[in-house]
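Chains as they are written, first to last, in this note's numbering: chain E, 1 to 80; chain S, 1 to 80; chain H, 1 to 227; chain A, 1 to 729. Backbone N, C-alpha and C fix where the C-beta goes; we use that ideal spot for every residue, glycine too. A quick note: this is a predicted structure, and the numbers were derived from the prediction, not measured. First up is the structure itself, then whatever we jot down about it.
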Amino acid sequence: MKVSAIITLKKDVLDPQGKVIHQTLDGMGFKDVNEVRQGKYFEIDVKENDPKKAQKIVEDMCDKLLANLVIENYKIIEIQ
Amino acid sequence: MKVSAIITLKKDVLDPQGKVIHQTLDGMGFKDVNEVRQGKYFEIDVKENDPKKAQKIVEDMCDKLLANLVIENYKIIEIQ
Amino acid sequence: MKSAVITFPGSNCDRDMHVALNKFGFKNQMVWHNDNELPKSDLVVLPGGFSYGDYLRCGSMASKSKIMQSVIKFAKSGGLVMGICNGFQILVESGLVPGVLLRNKYLEFICKNVFVKIDNKDNPYFKNLDKEVFEFHIAHNEGNYFCTNDQLKEIEDNNQVAIYYCNDNGKTEEKFNPNGSLKNIAGIFNKKKNVLGMMPHPERMIDKSLSGEDGSLFFKNLINNIK
Amino acid sequence: MEVNEQIAIDHGLKKEEYKKICDLLKRVPNFTELGIFSAMWNEHCSYKSSRLHLKKLPTSGKKVIQGPGENAGVIDIEDGDAIVFKIESHNHPSFIEPYQGAATGVGGIMRDVFTMGARPIANLNSIHFGSSQHKKTKNLLRGVVHGIGGYGNCMGVPTIAGQTSFDNSYNGNILVNAMTLGLVKKNKIFYSKAAGLNKPVIYVGSKTGRDGIHGASMASASFDEKIEEKKPTVQVGDPFTEKLLLEACLELMAGDSIIAIQDMGAAGLTSSSIEMASKGNLGIKLNLNKVPCRESKMTPYEIMLSESQERMLIVLENGKEDIAKKIFDKWDLDFAVIGRTTNSKNIELFYDEKKVASIPINTLVENSPMYDRKWKKTKLPKKNKYKKGNFNNLKIKDVLKKILSNPNIASKEWIWQQYDHTVMGDTIQKPGGDAGVVRVHGTNKAVAASVDSSATYCWAHPITGGKQVVAENWRNLISVGAKPIAITNCLNFGSPENENNMGEFVECVQGIGEACKYLNFPVVSGNVSFYNQTKDIGIKPTPSIGGVGLIKDYKKMITMQLKEINNVVLIIGKTEGHIDQSIFARIILDEKNGPPPEVNLFNEKNNGETILKLIDQDLVKSAHDISLGGMITAISKMCIKGNKGIRLNKSKNLINQVEYFFSEDQGRYLIEINPDNLKKVTKILNDNSVHYEELGIIIENDIIIDEKTKLTIDELKSYNTNWLENYMN
Ligand SMILES: Nc1ncnc2c1ncn2[C@@H]1O[C@H](COP(=O)(O)OP(=O)(O)O)[C@@H](O)[C@H]1O
Ligand SMILES: [Mg+2]
């Protein structure tokens, strides 16, 4: 199954990338932007065919490697 | 409205990050992984209140800045 | 000969390039990214560094700066534009040369000397050089050159590859490729060969106390070619 | 929130400290005020356990322009030039979030340096990890190295040297010490002392967020099971903004607008505003509504305690606001007038037009606690008696192989190749040598810098260890041909509330002080990091010494690679055969006890100064000090670097061969001499009463020890250069 996960910075954590992208968009004429936050997206194709189990595996990966829970949160957004 | 977009590398583009993460996961004991692809996730809060229009704006941002269409695709995944 | 080095927010090899150009006889001017006009110049250089922190994609945001419109115009009219390292990434993002620069294969920043082979001397940058293999210095995190198959064919058909990574004998094998770049490509021209983008930093090799002196050869030759 | 004793304790204050606050204020502080006290009075900001002892360090000298007490120390390098430098720890955050912890550590120390008007020209780092077998080590190492590189590379400042060690004692508490050197004109140094009444107080840089609130308190609390709860206090660094801040500050500093400037480091706005006012003997008034905030509805408490990075506080001359604002606008940085200097001698904070805090500044600064903590002396351990007969069973080749590929000796190229060490175009000695060297841009001068520590020696006998680190650092500078000028120090120890750890601290400082005094190598800046421990077990005492020296003519710089066949290599200094605490004793004999090698300061000074004389007369072709792993390890590294071999003479020394090769006696160097100059050199050595021996003659390709023992350079290389890379991949 293909499991998609997004990893985002926690709310109060500085997102330097989002900040600069916001400024650049503004300079390009996209004036009506309140905020830009950037995160990571992973598409992980696991051999597991049971959606629940596949989700569990990817969550485990997020806990152990993909996300740093000190500053990030993760969310599974799709299982296919 | 808050518009979420994901940007992924096109199929035939090398994804060194995904590859290394795959190897690392493997080394950590996650043996049953076929593939890992990494992408970017954006959450853009725009002043526009009409979902259609908000989506349009963010698509425009992706075309002009956020994605490099030579190697990347984008997809709007949520509008709130 | 007049040159112009563009300073973007986050550029950090702008001074080094300024020093090198002046050392070899250019009259160099620094140009701010927010300016509209380029000063009259025979050569425009986009220097190395981390413009806009290399956030989003390296070079992407710098390619949208005000001054880049003038740079693009200058390049289209045949003016010489050279992008080094981050400058190469900016050239790629602004479409002046084809392809993209991905993260290094092993995901690590690399700072070391490498050898590169000059493939084609029929251009204002390498014409009259009497060596093929140069020792240059690289320092980058995203130098992994990539392009589509169609682009590659076009690049090769037009002799647009400027330099390849190789060993001291000029062998361009995969094991001499520091960052995983396609075909060991270290630098690329545009079609007309007035625009050059390359990862190595010749400006860091301009006297014998530094990492080497092949940069001196490059700059001396360049100014003579332009004269 | 009503403040009470329990809340104070939760803020890391002690009962008595809370009582003292109430007594001094003659009332109960409000919540914001309590936060300010807790930040100012914690170990990290107040140096309450260390102050008493640090006073004993020698801090002045002919070349010292500014000693400890400012953002960084400053030394004179002649011709109107000065070097600003300091080292700082970021240990706890780096353990929790290695990338960001290390990155913000590098960012913080660079800010300390450019706050004084200096452009950073070199970075160094001293990093210590748990055993290479420990399950966390690899990820921590990778994260820390990426973080240091990520920040320093982006800033465009070369990382020119460092030190990396592995030891069990850091398994639960790694050390990340970052050092920066900056270059400034002597008459353009900026200080943090405010002056004048009613001057505008300016906030510049990034916006204030909720990150790192109570980071300084975290640095002063040891790790325990509650570690998870402390997580969100890690800050995220933004090197891009810092690069802009650097350029903007230097641009403003070129004019005459600034009265005082101070970066917001630990305890953010609190300590920066209080320090500036305190030094100027003034009061300060801030309107917190004017502080640029990233998050909505931040409270005064949060604004004052936030440790968001990349921020500065400036006291300007009246009427210069517009000039300053224009510069910060150009660099896309926040700029706000947030207050004024006053004559109240209080810090007064306003929020929504209400006064939310008012504290006499001397209460926070002069009245801060100072402790004379209990400490225990460490006795000099008894020497081990080794059965020399047992050594005869050891094959030199096997031992050397083990030592060269030991994590603490193996090449650290995998690390420093990830640091941009050539940007700025003045790096003339890259990492991998005894010290990094950068030219003073546009001149014939160069500065050398090295950072060193020897936790094992310090652990075995802190006074000797303290002396030894300074001496080793001095030797590393001498080895590249630099005249040592001054040091900065980062003192990493366990809990000061533990008598043993405190004793280690006191005695290491004593040793450092003695060596610095004798070598005329004063301490101009530094940092203390206590509570490096997991539960009750402290790390080995780890003072890191960062030294800086001057090379007047950079063309005379020396490197360690062997240069020419047939040249002679001399050992400078006497080889006595001290094995205890050597890497040989630890990894080959598995012997952990015994005293560290003795440090004879007279010999150190005399040997070092004599070598500088030889270098000055162009008599030295290459040089390397002998440290960890002894003489054979040192010569192996010179061979590897120079791609040459050596035929060793039969030693006339009476000690056993193993002791001759692997002992770690101090004060020694290897130098390469052209045979034509040998007479001249030995005369100078004799005239200066320097002990020397002829080690051997340079040949191609092999180290030839005797008829039976021969090693090729390729072999040596494979032992030494591959370990770390293999380990990481
Ligand atoms: N973390 C690091 N960053 C940069 N350089 C490093 C680091 N660790 C080690 N090095 C470099 O590797 C070399 C070997 O270090 P070390 O074994 O401590 O040398 P020595 O024993 O001569 O003092 C030195 O040149 C040092 O600068
Ligand atoms: Mg050394």
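Problem set entry | For Lys-10 (chain E) and Pro-16 (chain E), the rounded distance between their alpha carbons | Taking the first sequence and counting its residues from 1, one reaches residue 16 (chain E) at position 16. Taking the first sequence and counting its residues from 1, one reaches residue 10 (chain E) at position 10. Cα to Cα, Pro-16 (chain E) sits roughly 13 Å from Lys-10 (chain E).
For this session: Name the two residues that bound the continuous alpha helix (DSSP H) containing Gln-561 (chain A).
Result: Taking the first residue of the fourth sequence as position 1, residue 561 (chain A) is located at position 561. Looking at the DSSP string, Gln-561 (chain A) is not in any alpha helix (DSSP H), and its letter there is neither H nor E.
For this session: Confirm, please, whether the CB-CB distance from Leu-244 (chain A) to Asp-81 (chain A) is below 8 Å.
Result: Taking the first residue of the fourth sequence as 1, we reach residue 81 (chain A) at position 81. Taking the first residue of the fourth sequence as 1, we reach residue 244 (chain A) at position 244. Going by C-beta atoms, Asp-81 (chain A) is not nearer than 8 Å to Leu-244 (chain A).
Exercise. If you follow the beta strand (DSSP E) that Asp-580 (chain A) is part of, which residue opens it and which one closes it?
Worked result: In the fourth sequence, residue 580 (chain A) corresponds to position 580, counting from 1. Counting along the chain, Asp-580 (chain A) falls outside any beta strand (DSSP E), and DSSP gives it neither H nor E.
Exercise. Going along chain H in order, which residues have a C-beta closer than 7 Å to the C-beta of Val-469 (chain A)?
Worked result: Here the question's residue 469 (chain A) lines up with position 469 in the fourth sequence. Within 7 Å Cβ-Cβ: nothing; Val-469 (chain A) doesn't reach chain H, min ~28 Å.
Exercise. In the region 34 to 57 of chain S, which residues sit with their C-beta less than 8 Å from some C-beta in chain E, listed in chain order?
Worked result: Asn-34, Glu-35, Val-36, Arg-37, Gln-38, Gly-39, Lys-40, Tyr-41, Phe-42, Glu-43, Ile-44, Asp-45, Val-46, Lys-47, Glu-48 and Ile-57
Exercise. Alpha carbon to alpha carbon, what distance is there between Thr-32 (chain A) and Pro-300 (chain A)?
Worked result: Counted from its first residue, the fourth sequence places residue 300 (chain A) at position 300. Counted from its first residue, the fourth sequence places residue 32 (chain A) at position 32. Pro-300 (chain A) and Thr-32 (chain A): Cα-Cα distance of roughly 7 Å.
Problem set entry | Beta-ladder partner(s) of Lys-19 (chain S), from DSSP | Taking the first residue of the second sequence as position 1, residue 19 (chain S) is located at position 19. For Lys-19 (chain S), which the question treats as bridged, DSSP gives no partner whatsoever.
For this session: State the start and end residues of the unbroken beta strand (DSSP E) segment that holds Trp-32 (chain H).
Result: Stepping through the third sequence from its first residue, residue 32 (chain H) is reached at position 32. From DSSP, the beta strand (DSSP E) with Trp-32 (chain H) extends over 27 to 32.
Problem set entry | Where the alpha helix (DSSP H) through Gly-205 (chain A) begins and ends | For the purposes of this step, residue 205 (chain A) is identified with residue 205 of the fourth sequence, where counting begins at 1. Counting along the chain, Gly-205 (chain A) falls outside any alpha helix (DSSP H), though it belongs to the beta strand (DSSP E) covering 200 to 205.
Exercise. What's the gap between the Cα of Cys-85 (chain H) and the Cα of Glu-142 (chain H)?
Worked result: By one-based count along the third sequence, residue 85 (chain H) stands at place 85. By one-based count along the third sequence, residue 142 (chain H) stands at place 142. Computed Cα separation, rounded: 9 Å.
For this session: May I have the straight-line CA-CA distance separating Asp-238 (chain A) from Phe-328 (chain A), to the nearest angstrom?
Result: The residue labelled residue 238 (chain A) in the question sits at position 238 within the fourth sequence. The residue labelled residue 328 (chain A) in the question sits at position 328 within the fourth sequence. For Asp-238 (chain A) and Phe-328 (chain A), the distance between alpha carbons rounds to 17 Å.
Exercise. Sorry if obvious, but does the Cβ on Asn-643 (chain A) come closer than 7 Å to a heavy atom of ligand 3?
Worked result: Ligands present in the displayed structure are limited to ligand 1 and ligand 2, and ligand 3 is not among them.
Exercise. What residues in the region 260 to 273 of chain A bring their beta carbon closer than 9 Å to a beta carbon of chain E?
Worked result: Within the region 260 to 273 of chain A, no residue has a Cβ that lies closer than 9 Å to any Cβ of chain E.
Problem set entry | Assigned secondary structure, Leu-400 (chain A) (DSSP; H/G/I helix, E/B strand, else coil) | Locating residue 400 (chain A) in the fourth sequence gives position 400, where the first residue counts as 1. DSSP places Leu-400 (chain A) in helix when its eight states are reduced to three.
Problem set entry | Nonlocal neighbours in the same chain, by C-beta distance under 6 Å from Met-40 (chain A), ignoring five residues either side | Locating residue 40 (chain A) in the fourth sequence gives position 40, where the first residue counts as 1. For Met-40 (chain A), where only same-chain residues beyond five positions count, the Cβ hits under 6 Å are Leu-364.
Exercise. What's the gap between the Cα of Asn-593 (chain A) and the Cα of Gly-538 (chain A)?
Worked result: Against the fourth sequence, residue 593 (chain A) aligns to sequence position 593. Against the fourth sequence, residue 538 (chain A) aligns to sequence position 538. Cα to Cα, the separation comes out at about 18 Å.
Exercise. What residue from A:Lys-138, A:Gly-547, A:Ala-195 and A:Ile-572 has the CA that sits closest to Lys-279 (chain A)'s CA?
Worked result: Taking the fourth sequence and counting its residues from 1, one reaches residue 279 (chain A) at position 279. Here the closest residue by C-alpha is A:Ala-195.
Problem set entry | Classification of Glu-353 (chain A) by the beta-carbon crowding that lies within 10 angstroms, buried from 16 upward | Residue 353 (chain A) sits at position 353 when you count from the first residue of the fourth sequence. Its Cβ having fewer than 16 others within 10 Å, Glu-353 (chain A) is exposed.
Problem set entry | Min CB distance Leu-724 (chain A) to chain E below 8 Å | Position 724 of the fourth sequence holds residue 724 (chain A). Leu-724 (chain A) does not count as touching chain E.
For this session: Identify the contact partners of Lys-64 (chain E) in chain S, using a Cβ-Cβ distance below 7 Å as the criterion.
Result: Within the first sequence, numbered from 1, the residue matching residue 64 (chain E) stands at position 64. Within chain S, the residues near Lys-64 (chain E) are Met-28.
Problem set entry | Burial state of Gly-95 (chain H), where buried means 16 or more other Cβ atoms lie within 10 Å | Translated into positions along the third sequence, residue 95 (chain H) becomes position 95. Counting Cβ neighbours within 10 Å, Gly-95 (chain H) comes out exposed, since fewer than 16 surround it.
Exercise. Any beta-carbon of chain H closer than 8 Å to the one on Ile-6 (chain S)?
Worked result: Within the second sequence, the letter at position 6 stands for residue 6 (chain S). Judged by the 8 Å Cβ criterion, Ile-6 (chain S) is not in contact with chain H.
For this session: Just mark Pro-158 (chain A) as buried or exposed, buried being the case when its beta carbon has 16 or more other beta carbons within 10 Å.
Result: Sequence index remark: in the fourth sequence, residue 158 (chain A) carries index 158 (1-based). Pro-158 (chain A) should be labelled buried.
For this session: May I ask you to report which of helix, strand or coil DSSP gives Met-205 (chain H)?
Result: Along the third sequence, one-based indexing puts residue 205 (chain H) at 205. Collapsing the DSSP output to three states places Met-205 (chain H) in coil.
For this session: Have a look at S:Thr-8, S:Leu-14 and S:Val-20 and flag the residue whose alpha-carbon is nearest the alpha-carbon of Leu-107 (chain H).
Result: Taking the first residue of the third sequence as position 1, residue 107 (chain H) is located at position 107. Here the closest residue by C-alpha is S:Val-20.
Exercise. Gln-418 (chain A): buried (16+ other C-beta within 10 angstroms of its C-beta) or exposed?
Worked result: To locate residue 418 (chain A), count along the fourth sequence from 1; it is residue 418. Its Cβ being crowded by 16 or more others within 10 Å, Gln-418 (chain A) is buried.
Problem set entry | Residues, ordered as in the chain, of the region 494 to 506 of chain A that lie near chain E by beta-carbon distance below 9 Å | none
Exercise. Leaving out the 5 sequence neighbours to the left and right, which residues in its chain are closer than 8 Å to Ala-20 (chain H) when beta-carbon positions are compared?
Worked result: Your numbering for residue 20 (chain H) matches position 20 in the third sequence. Residues Pro-202, Glu-203, Ile-206, Gly-215 and Phe-219 of the same chain have their beta carbon placed closer than 8 Å to that of Ala-20 (chain H), with the five preceding and five following residues left out of the count.
Exercise. In three-state DSSP terms, what is Asn-346 (chain A)?
Worked result: One-based indexing of the fourth sequence puts residue 346 (chain A) at position 346. Strand at Asn-346 (chain A).
For this session: Please determine if the region 460 to 472 of chain A and the region 5 to 15 of chain A are in contact, where contact requires at least 3 C-beta pairs separated by less than 8 Å.
Result: Contact between the region 460 to 472 of chain A and the region 5 to 15 of chain A is absent, because fewer than three Cβ pairs lie under 8 Å.
Exercise. What number of angstroms, rounded off, separates the C-alpha of Ser-206 (chain A) from the C-alpha of Tyr-52 (chain H)?
Worked result: For the purposes of this step, residue 206 (chain A) is taken as the residue at position 206 of the fourth sequence. For the purposes of this step, residue 52 (chain H) is taken as the residue at position 52 of the third sequence. When rounded, the distance between both Cα atoms is 15 Å.
Exercise. Taking Cβ positions only, does Gly-87 (chain H) come closer than 8 Å to chain S?
Worked result: Here residue 87 (chain H) corresponds to residue number 87 of the third sequence, with the count starting at 1. It does not: the Cβ of Gly-87 (chain H) has no partner Cβ on chain S nearer than 8 Å.
For this session: Inspect the CB distances between the region 104 to 123 of chain H and the region 61 to 78 of chain H and report whether three or more fall short of 8 Å.
Result: no
Problem set entry | Gln-69 (chain H), DSSP secondary structure in three states | Residue numbering aside, residue 69 (chain H) sits at position 69 when the third sequence is read from its first letter. Gln-69 (chain H) falls in the helix class under three-state DSSP.
Problem set entry | Start and end residues, alpha helix (DSSP H) containing Met-199 (chain H) | Here the question's residue 199 (chain H) lines up with position 199 in the third sequence. Taken as a continuous stretch (DSSP letters only), Met-199 (chain H) belongs to no alpha helix (DSSP H), as it is neither H nor E.
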